[in-house]
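Going by the numbering used here, the residue at position 509 of the sequence shown is 510; the numbering climbs one at a time, nothing skipped.
Positions of the beta carbon are idealized from the N, C-alpha and C atoms, including for glycine.
Notes follow the structure.
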Amino acid sequence: MVDRKSIIVEGKTLEEATKSGLKALDTQIDYVDIEVLEVGKSRFGIFNKNFKVKLTEKTINYEEITNLEAENENGKFEMRMDKDKSNLIIYPPNGLGKTVSIDEIIFELEKNEIKNIDIEKIKSSLKLNKVTSIDIKDLEIKDPIDAKAEVIMSRDNMKVYMKILPPNGGNMITREAIDHILEENHIVYGIDDMRINKMILEKQCNDENIIAEGKEPENGKDGMIKYNFDINIKGKPQITEDGKVDFKEIDIICHVKKGDYLAEKILPTDGIDGMTVTGKELKAKPGKIVHFKKGKNVGESEDGLKLIAEVDGQVKLVNDKVNVLQVYEVNGNVDHATGNIHFAGKVIIRGNVRTGFKIECSEDVEIYGVVEGATIIADGDIILHKGIQGHNTGKLISKKEIICKYMENCYAKANETITADAIMHCKLESNGSIVATGKKGLIVGGEIRARNEVSAKCIGSPMSTVTKLEVGIDPDIKERYESLRKELEELYKNKENVVKAKELLTKISKMTKLPKEKQNMLDKSINTEKHLDQKIESVNMAMMQLQNMLQKLSSGRVNVSSLIYPGVRISIGNSVYYSRDDIVCATITREDGEIKINPYLAK
Numbered sequence: 002m003v004d005r006k007s008i009i010v011e012g013k014t015l016e017e018a019t020k021s022g023l024k025a026l027d028t029q030i031d032y033v034d035i036e037v038l039e040v041g042k043s044r045f046g047i048f049n050k051n052f053k054v055k056l057t058e059k060t061i062n063y064e065e066i067t068n069l070e071a072e073n074e075n076g077k078f079e080m081r082m083d084k085d086k087s088n089l090i091i092y093p094p095n096g097l098g099k100t101v102s103i104d105e106i107i108f109e110l111e112k113n114e115i116k117n118i119d120i121e122k123i124k125s126s127l128k129l130n131k132v133t134s135i136d137i138k139d140l141e142i143k144d145p146i147d148a149k150a151e152v153i154m155s156r157d158n159m160k161v162y163m164k165i166l167p168p169n170g171g172n173m174i175t176r177e178a179i180d181h182i183l184e185e186n187h188i189v190y191g192i193d194d195m196r197i198n199k200m201i202l203e204k205q206c207n208d209e210n211i212i213a214e215g216k217e218p219e220n221g222k223d224g225m226i227k228y229n230f231d232i233n234i235k236g237k238p239q240i241t242e243d244g245k246v247d248f249k250e251i252d253i254i255c256h257v258k259k260g261d262y263l264a265e266k267i268l269p270t271d272g273i274d275g276m277t278v279t280g281k282e283l284k285a286k287p288g289k290i291v292h293f294k295k296g297k298n299v300g301e302s303e304d305g306l307k308l309i310a311e312v313d314g315q316v317k318l319v320n321d322k323v324n325v326l327q328v329y330e331v332n333g334n335v336d337h338a339t340g341n342i343h344f345a346g347k348v349i350i351r352g353n354v355r356t357g358f359k360i361e362c363s364e365d366v367e368i369y370g371v372v373e374g375a376t377i378i379a380d381g382d383i384i385l386h387k388g389i390q391g392h393n394t395g396k397l398i399s400k401k402e403i404i405c406k407y408m409e410n411c412y413a414k415a416n417e418t419i420t421a422d423a424i425m426h427c428k429l430e431s432n433g434s435i436v437a438t439g440k441k442g443l444i445v446g447g448e449i450r451a452r453n454e455v456s457a458k459c460i461g462s463p464m465s466t467v468t469k470l471e472v473g474i475d476p477d478i479k480e481r482y483e484s485l486r487k488e489l490e491e492l493y494k495n496k497e498n499v500v501k502a503k504e505l506l507t508k509i510s511k512m513t514k515l516p517k518e519k520q521n522m523l524d525k526s527i528n529t530e531k532h533l534d535q536k537i538e539s540v541n542m543a544m545m546q547l548q549n550m551l552q553k554l555s556s557g558r559v560n561v562s563s564l565i566y567p568g569v570r571i572s573i574g575n576s577v578y579y580s581r582d583d584i585v586c587a588t589i590t591r592e593d594g595e596i597k598i599n600p601y602l603a604k
């Protein structure tokens, strides 16, 4: 026995005190007894009293450990070779010891030239778990049996299982013998040579392994239609160049042009034949053919493998039929649900067009609701069954006609006639005529510009609302002329600044030599002035040409079937007339450079 060491330690917690003691004794917790002498206390997270513990090393009985190790002994064997008799003695293990390996016993026997060993007898002796003595003569099999192989084929002839029956004193089965067995069973396909060789080499007896597998047929893939457009399109907001999300541009229309490929027919495959382990061929089923379902405005390629758009429009899958629709119809409002609409065809809107949204199309636009502060651009007519309340942001731009119930606080431009029942505080431009017709036939406020004619029942208002009419001009030419006029004003301003800088630097240069930097500025000012003079001359010439063209376009007229109020400004060509009194039932024209008020001429 050995004297036990002990130590008394303190800590804020029991764990802390214990760790401190174990470190001092240089031992582990399994080898000490712990006695708590004083329990620590804390209040509000503050330790007022530490834990005090006593750690004492446990008594270690080395004699018991030695006996315990002796009890756990592995099994063993020995061969006693006498003159008259030779024995194999097998000793079982003690305690937790391991049984002696049969391979060790066989190795030793074969080393002593003992052949045809009865392995089963040795295995039986090992299972007895007691000291056993076996006469070595009894271990030699007089009639040795070689290993054999059994093969089992699955019912569908797709798999072959093999099990090697171990030899009894004889030899391991050979590959030639196994090949003979396979041949007898007509097994000719899918043989796993590596698996068979491994079983022989590693003497894998009594284990059942798959040594041959057939090949299942791979049926052909059915034909399919590959669509060149999104058949389940769901609009997504676009990301602008500055990283912002544009919730109005959600792109829910698949646009196509005439001649575009819409869909492709993928032909079915024949499949790949299979085979059983006995060599019987298993036919694969060919895939099924699919057929196109054509809708409106869709044709086929010469080889019949592609669908082609016959017109521009929207491609859409309806009841599995591919259609190219030339009319895009919205049954509700144009808002965040639809986003902006860009369509190569006609657009019909059953509801309203909300402020901030845009419709662009290559044909007519027909809107049954109200257009708010939106933009409508059409290559065809724009037809508003109600009208537009533009809030000074709404725009209608048509390459043909614009027809509305009413127009209010908007901008509109048409290559042909603009027609409405009431036109209030709008800026309108037409290369044809602007007509306020119907029950009201009213034009009040704004700027009305037409190439041929402005016609209405009433123009202006009793409050003398300023209303500007211009006829006998091409709005495009007028717009170009105004643009050049503004450009000319800007050129003159720039020239004035350049001339001031040039004159100042020139004045200084006469008094003293200019620094290089200032001299460069002077040279640059002189060159800039020359360039501006050339530009001013060019713009003046262009304005004169446009002015001559406007002079020739002076055959327009203003027709009013009821009344023109004071406050109306009428321009025909370059002649201007201000209405200061009521003008009743009149046709206003330009003759000999002057504006004349004539009796009303009905169309």
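DSSP three-state label for residue i, please.
| i | result |
| --- | --- |
| E364 | coil |
| K387 | strand |
| C108 | As written in the sequence, residue 108 is Phe, which differs from the Cys given in the question. Looking at F108 - three-state DSSP - the assignment turns out to be helix. |
| G300 | strand |
| A345 | coil |
| A178 | helix |
| R276 | The sequence shown places Met at residue 276, not Arg. Residue state, collapsed to three classes: strand. |
| S465 | coil |
| A543 | helix |
| G370 | coil |
| R450 | strand |
| N419 | The identity of residue 419 in the sequence shown is Ile, whereas the question assumes Asn. The answer is strand: DSSP assigns I419 an E or B state. |
| K396 | strand |
| R81 | strand |
| N324 | strand |
At the level of alpha carbons, what is the spacing between residue i and residue j?
| i | j | result |
| --- | --- | --- |
| A437 | G357 | 27 Å |
| Y190 | D321 | 46 Å |
| E151 | A178 | 11 Å |
| K53 | T60 | 23 Å |
| Q548 | Y482 | 8 Å |
| A413 | A310 | 34 Å |
| N332 | G370 | 11 Å |
| R156 | N198 | 25 Å |
| M2 | D136 | For M2, the predicted structure reports a pLDDT of 44, less than 50, and the residue's modelled location is therefore unreliable. A value from the coordinates is still provided. For M2 and D136, the distance between alpha carbons rounds to 49 Å. |
| I419 | V257 | 31 Å |
| I8 | D34 | 11 Å |
| E74 | T277 | 55 Å |
| N615 | D180 | Here the chain has residues from 2 to 604 only, and residue 615 is not among them. |
| S21 | T133 | 56 Å |
| K441 | M408 | 12 Å |
| S102 | S125 | 13 Å |
| L443 | E504 | 57 Å |
Decide if residue i is buried, meaning its Cβ has at least 16 other Cβ atoms within 10 Å, or exposed.
| i | result |
| --- | --- |
| M512 | exposed |
| M163 | buried |
| K266 | buried |
| Q315 | buried |
| V577 | exposed |
| G260 | exposed |
| P168 | buried |
| A587 | buried |
| L38 | exposed |
| I66 | Confidence at I66 is low in this model, with a pLDDT of 48, below 50, so its placement is unreliable and the value that follows should be read with caution. Counting Cβ neighbours within 10 Å, I66 comes out exposed, since fewer than 16 surround it. |
| Y566 | buried |
| M159 | buried |
| T175 | exposed |
| V335 | buried |
Name the residue from the options whose alpha carbon lies nearest to the alpha carbon of residue i.
| i | options | result |
| --- | --- | --- |
| I596 | S572, L602, N172 | S572 |
| N558 | L470, M522, C427 | The sequence given here has Arg at residue 558, not Asn. Out of L470, M522, C427, L470 has the C-alpha closest to the C-alpha of R558. |
| K99 | M82, N130, K122 | N130 |
| K487 | N541, T19, N341 | N541 |
| N410 | P94, N393, K400 | N393 |
| K536 | Y493, V328, I527 | Y493 |
| A457 | M464, I527, V445 | V445 |
| N229 | R196, L202, L263 | L263 |
Does the beta carbon of residue i come closer than 7 Å to any beta carbon on chain D?
| i | result |
| --- | --- |
| L263 | Within the model displayed, chain D is absent; a lone protein chain is all it includes. |
Residues in the same chain with beta-carbon distance under 7 Å from residue i, minus the five sequence neighbours each way, listed in chain order, please.
| i | result |
| --- | --- |
| N186 | V152, M154 |
| D365 | K347, A379, G381, D382, I384 |
| N495 | L533 |
Apart from the five residues just before and just after residue i, which ones in its own chain have a Cβ nearer than 8 Å to its Cβ?
| i | result |
| --- | --- |
| D208 | K164, I165, M200 |
| K297 | N324, V325, L326 |
Enumerate in chain order the residues of its own chain whose CB-to-CB distance from residue i is below 6 Å, with the five nearest sequence positions on each side excluded.
| i | result |
| --- | --- |
| I403 | I383, L397, A413, A415, I419 |
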